[in-house]
Amino acid sequence: MSETDELAAKLARRQALNEDEEAPRHQVAVFNPYTEFKEFSRKQIKDFEKMFHKYDVDRSNFIDFHELKLMMEAVGAPQTHLGLKQMIKEVDEDNDGQISFREFLLIFRKAAAGELEEGSGLSQLALLTEVAIEEVGVSGAKDFFEAKVQQISASSKFEEEIRAEQEDRKREQEEAKIRKQAFKEKQAAFGIH
34 MSETDELAAK
44 LARRQALNED
54 EEAPRHQVAV
64 FNPYTEFKEF
74 SRKQIKDFEK
84 MFHKYDVDRS
94 NFIDFHELKL
104 MMEAVGAPQT
114 HLGLKQMIKE
124 VDEDNDGQIS
134 FREFLLIFRK
144 AAAGELEEGS
154 GLSQLALLTE
164 VAIEEVGVSG
174 AKDFFEAKVQ
184 QISASSKFEE
194 EIRAEQEDRK
204 REQEEAKIRK
214 QAFKEKQAAF
224 GIH
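Whatever position you read off the sequence shown (first residue = 1), add 33 for this note's numbering.
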């Protein structure tokens with residue numbers, strides 16, 4: 034092929050691409066965790082991203098089988114080979130056998146929505162990574178779990194109603210006691226026993 038033919042072929046290909054005759058252009062979907070995962074604060078997403086990159090040892094922007102195994106061992110919930118495969122399968126939307134950052138965030142979305150099977154590897158991962166004991170210490174973990182218990186208690190509408198009724202009853206008793214005391218003072222002022 035001469036230089037003229039080669040140049041003509043390149044120009045023809047470029048012209049075809051410019052006119053969209055040859056192949057459709059693939060648009061890359063841009064993933065923005067802040068707009069897609071609005072239920073998480075910016076700080077939470079940054080923390081998840083930091084954790085993701087901590088265990089993405091080969092810097093491929095994916096957590097593969099081996100990296101997931103290391104992560105689960107590090108958080109204190111080692112899994113079997115089949116358990117790890119099931120964990121990946123549960124969130125692997127593109128079926129590539131590894132977990133992208135978006136799929137990693139799905140773990141925590143599903144955990145928050147209660148969609149993860151109790152005791153499954155992913156639920157253990159979500160629970161154990163909510164608090165990093167090595168970073169906050171034992172007292173920080175204690176505060177975290179106390180806040181969690183308080184949050185669960187406060188979320189129960191039934192308990193809230195009971196608490197409100199008890200407070201109303203206490204207030205009414207206090208008011209009755211004050212009225213009775215005022216009545217006794219007036220009674221004493223008039224000399225009536």
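Just so you know, even glycine gets a beta-carbon here, dropped at the ideal spot from N, CA and C.
Annotation: Val90 is outside any alpha helix (DSSP H) and is labelled neither H nor E by DSSP. Gln112 counts as buried, since no fewer than 16 other beta carbons sit within 10 angstroms of its beta carbon. Cβ contact annotation for Leu139 (same chain, cutoff 7 Å, sequence separation greater than five): Val124, in chain order. Distance from the CA of Ile96 to the CA of Leu149, rounded to the nearest whole angstrom, comes to 19 Å. Lys102 is positioned such that its CB atom lies closer than 8 Å to that of Leu117. For Ser133, DSSP records a beta bridge to Phe95. Counting along the chain, Asn51 sits inside the alpha helix (DSSP H) bounded by residues 36-51.
The three-state secondary structure of Val124, taken from DSSP, is helix. In this structure, Ile121 places its C-beta atom within 8 Å of the C-beta atom of Phe98. Here Leu139 carries a helix assignment [DSSP, helix/strand/coil]. Distance check between Phe70 and each of Phe137, Asp91, Ser156, Asp89 places Phe137 closest, using alpha-carbon atoms only.
In the three-state reduction of the DSSP assignment, Ala110 falls in the coil class. A Cβ-Cβ separation of about 11 Å leaves Ala146 out of contact with Ala159 under the 8 Å criterion. Taking a C-beta distance under 8 Å as the contact criterion, Phe141 and Glu82 do not qualify as a contact pair.
Around the Cβ of Glu100, a 10 Å sphere holds 16 or more other Cβ atoms; the residue is buried. Under the three-state reduction of DSSP output, Ser156 falls in the helix class. In the DSSP annotation of this structure, Glu72 is not part of any alpha helix (DSSP H), being labelled neither H nor E.
In this structure, the alpha-carbon of Ala107 lies about 30 Å from that of Thr68.
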